[in-house]
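Last residue of the sequence shown: 651 (the working numbering), numbering continuous.
Even glycine gets a Cβ: it sits at the ideal position worked out from N, Cα and C.
Note that the structure is a prediction, hence the values are computed from the model and not measured.
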Amino acid sequence: MLDKNYFHFLKQLIALEEDEENEEIREEFTKLSPQERELRGKALLGLVLEEKHFSPANHELATFGRQHQKPLPLFSLETGDVVSLLPESLNDVVFPIGTVYEKTSATITVAFNKGLPPWLVKGSFYQLHKSVNRVTYKRMAEALDAVFETRNTRLADFRDISLKEKSPSFEKNSNDKIAWFDESLNASQKEAVRKSLEARDIFLVHGPPGTGKTTALVEIIRQSIRKKLSVFVTAPSNTACDNVLERLVKTGLNVIRLGHPARIALPLREHTLDFKLALHPLSHQIHDCQSNLNRLFKREDRYREKRSPGPDAKRQVRSQIEELKDEIRRLRKEIFSCVMKEAEVIVGTPTSIQDKSMREKPFDVLVIDEATQATEPVTWIPMTRAKKVIMAGDHFQLPPTVRSKEAEEKGLGITLFERFYEILDPDFRQILERQYRMNEQIMGFSSMEFYNNLLVADESVKSQTLSGLQGVTACADTIEPFVYIDTSGKGFEEKLEAGSESRYSPEEAVLVLGELKKMLEAGVPPKEIAVISPYSAQVRFLATQAAACLPAGRDPGIEIDSVDGFQGREKELVIVSLVRSNMEGEMGFLADTRRMNVAMTRARRKLIVIGDSATLSSIKFYADFIKYAERIGGYKSVWEL
């Protein structure tokens with residue numbers, strides 16, 4: 011039985027996690043040369059400054075590239091990464107922290123909150139290194155302290171429900187007929203919306219792959235706004251936040267996206283708070299004040315150097331400076347107030363609710379999407395400011411990433427969604443049953459193993475195959491929706507990548523590329539294909555080999571990614587390379603079957619899984635998967651190809 015001390019225990023676990031992340035960074039800098047860090051996608055070297063400029067929201071930007079406009083490495087720093095800027099020729103300087111704002115094949119742009127360093131000039135060489143963002147750890151600890159200490163608040167109610175000291179409830183006499191914004195919602199989606207609106211405290215929306223979880227959440231949000239309730243929508247990643255934001259914007263709602271514009275998808279940046287503030291009619295007055303302020307600062311410096319004119323003139327300049335500062339503060343406050351009043355819903359990552367501009371603002375409804383990808387301490391951050399919480403996710407897909415083995419073993423990977431799912435009465439959760447993504451053969455094993463056979467493929471997708479796509483030749487390869495290719499007995503032994511713990515299989519990669527070529531020759535569009543693997547070493551190997559051997563060249567539009575990186579995505583054709591093949595039957599993190607659930611539910615029309623049954627069958631789940639493939643006629647041995 012848990013008690014309040016559990017939250018002190020969680021603080022200890024996040025301290026372990028922070029220590030582990032710091033140790034990883036230290037170890038990388040100690041063990042790996044800058045060149046090796048660049049190969050791992052943790053750094054960019056030999057950069058030259060191309061341009062200093064400003065974003066529309068007034069962030070100072072620096073754009074870097076390689077000499078002679080050479081392309082940047084294929085696997086590298088990404089938009090939103092926190093980075094340190096290092097000069098290659100200077101020592102003993104403070105390395106400024108920035109955020110990757112934008113990236114092309116040949117350039118990378120970084121935003122610096124505290125301004126550009128004076129030593130950043132053209133003609134020199136620079137490095138960018140991935141860094142640690144410590145703000146999240148600080149805000150998690152603060153949230154857990156608040157949960158522990160609070161009394162007689164909504165946060166205290168949420169805490170007590172999580173400790174089974176209190177039960178949640180529904181509003182009494184709330185049988186109001188709902189006027190649906192989206193009439194196409196199915197029965198389980200409508201039930202999730204209805205119960206979410208009636209719940210007073212907590213409600214869980216369980217959304218298996220392809221079941222329209224985001225569609226249901228958008229309806230919940232719109233219905234809440236209709237009731238004049240303030241709504242904050244959050245998700246643990248910027249990508250997930252952008253996904254909800256995009257859907258909300260399409261409904262015509264006035265949405266504000268919190269967070270650094272650099273971490274937000276380019277087409278959606280116009281909805282960020284920074285951009286809306288910058289575009290407000292009063293913002294030009296702030297620019298005028300800043301220009302006048304800069305002139306007064308220069309005048310004050312001249313007075314200080316020349317010791318003239320007299321003290322009265324100096325006091326007058328100082329007084330004017332303070333007046334302008336006050337005016338800027340007043341204008342910013344007025345603009346912020348106007349922009350926030352016009353907003354119907356606010357979207358941001360869990361930590362963004364604690365930004366200075368949002369401090370102390372409560373929300374009637376907190377909607378947490380992808381709640382099963384956030385650790386419990388992260389989830390409590392936005393809950394400190396909510397009156398009601400709707401969580402959506404799927405605890406049978408990948409859990410949050412936990413670096414510290416000790417913290418994971420002690421339970422940091424168990425989400426608050428999972429805990430509520432176990433302790434709440436079933437009335438306070440709703441599974442979405444109809445799925446709109448996969449052919450029913452692709453869906454079948456996942457439904458059977460994880461969802462009590464509750465999933466039903468919608469008529470629009472249940473029989474779809476690649477042969478139904480325009481320009482695709484109808485043949486055996488494009489008509490069958492599900493294939494497992496067994497490499498057993500071929501000697502495709504896995505290998506350990508030098509300098510890492512990740513594994514790859516060159517022979518299996520050749521087989522993957524062979525299947526890929528067949529699909530391309532049958533007319534499957536490259537942009538509708540994904541090749542995924544649980545192992546990053548296999549992803550890197552496949553990407554290198556694909557660039558060398560595919561006729562379309564380096565970038566044919568095919569996505570090659572890790573299973574973890576592809577969660578939440580989908581393609582018409584997905585090829586899964588499982589890699590593990592060893593005499594001992596060792597499975598590594600494939601033993602977490604949730605990873606396989608993600609892998610096999612990304613495909614809409616065809617799923618190809620490649621692996622060694624002799625190794626895989628050491629775990630019952632995979633043995634059952636292979637039996638399922640045999641039962642539906644989807645099993646092939648590599649010896650038959």
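According to DSSP, what are the bridge partners of residue i?
i, result
"S572", "S543"
"R513", "L506"
"Q330", "Per DSSP, none; premise fails for Q330."
"E582", "None, per the DSSP bridge assignment."
"P97", "Y136"
"G108", "V93"
"R439", "L214"
"Y16", "Paired residues: none, contrary to the question."
"I4", "Look at the range of the chain in this structure, 11 to 651, and you will see that residue 4 is not part of it."
"S647", "D496"
Using the beta-carbon count (16 or more within 10 Å), is residue i buried or exposed?
i, result
"D322", "exposed"
"G217", "buried"
"H69", "buried"
"H405", "buried"
"K14", "exposed"
"T385", "buried"
"D33", "Position check: residue 33 holds Glu in this sequence, whereas Asp was assumed. So E33 ends up on the exposed side."
"S572", "buried"
"R161", "exposed"
"F19", "exposed"
"K41", "exposed"
"F64", "exposed"
"Q300", "exposed"
"M11", "exposed"
"V131", "exposed"
"G644", "buried"
"H139", "buried"
"V399", "buried"
"W390", "buried"
"R564", "In this predicted model, R564 has a pLDDT of only 42, less than 50, meaning its place in the structure is not dependable; the value taken from the coordinates is given anyway. Burial call: exposed."
"P178", "buried"
"Q79", "exposed"
"G222", "buried"
"M453", "buried"
Would you kindly check if the distance between the Cβ of residue j and the Cβ of residue i is under 7 Å?
i, j, result
"F17", "L165", "no"
"Q407", "N253", "no"
"F105", "G56", "no"
"R590", "E525", "no"
"L71", "A116", "no"
"L617", "F502", "no"
"Y446", "V471", "yes"
"T361", "T89", "no"
"L207", "Q233", "yes"
"L239", "D379", "no"
"G269", "G358", "yes"
"A381", "F427", "yes"
"I570", "L588", "no"
"V586", "I629", "no"
"V355", "V265", "yes"
"V522", "L476", "no"
Taking the continuous alpha helix (DSSP H) assigned at residue i, which residues delimit it?
i, result
"I5", "The question about residue 5 has no answer here: the residues shown for the chain are numbered 11 through 651."
"G454", "450–460"
"Y446", "Counting along the chain, Y446 falls outside any alpha helix (DSSP H), and DSSP gives it neither H nor E."
"A639", "630–641"
"S477", "Unbroken run through S477: none, as it is neither H nor E."
"T249", "248–260"
"A153", "145–159"
Between which two residues does the beta strand (DSSP E) containing residue i stretch?
i, result
"T73", "70–76"
"M401", "399–403"
"K200", "Premise fails: K200 lies in the alpha helix (DSSP H), 197–208, not in any beta strand (DSSP E)."
"I378", "375–378"
"L126", "Unbroken run through L126: none, as it is neither H nor E."
"T244", "241–244"
"F285", "From DSSP, F285 is part of no beta strand (DSSP E) but of the alpha helix (DSSP H) over 283–289."
Would you verify that the beta carbon of residue i is, or is not, closer than 7 Å to some beta carbon of chain B?
i, result
"E37", "Of the chains in the structure shown, none is chain B; there is only one protein chain."
For my contact list, residue i and residue j are in at a C-beta cut-off of 8 Å; report their separation, rounded to the angstrom.
i, j, result
"L292", "I345", "5 Å"
"L479", "E582", "6 Å"
"V203", "L214", "Not a contact, Cβ separation roughly 13 Å."
"Q548", "Y494", "The Cβ separation is near 17 Å, so there is no contact."
"P219", "T611", "4 Å"
"V93", "S141", "6 Å"
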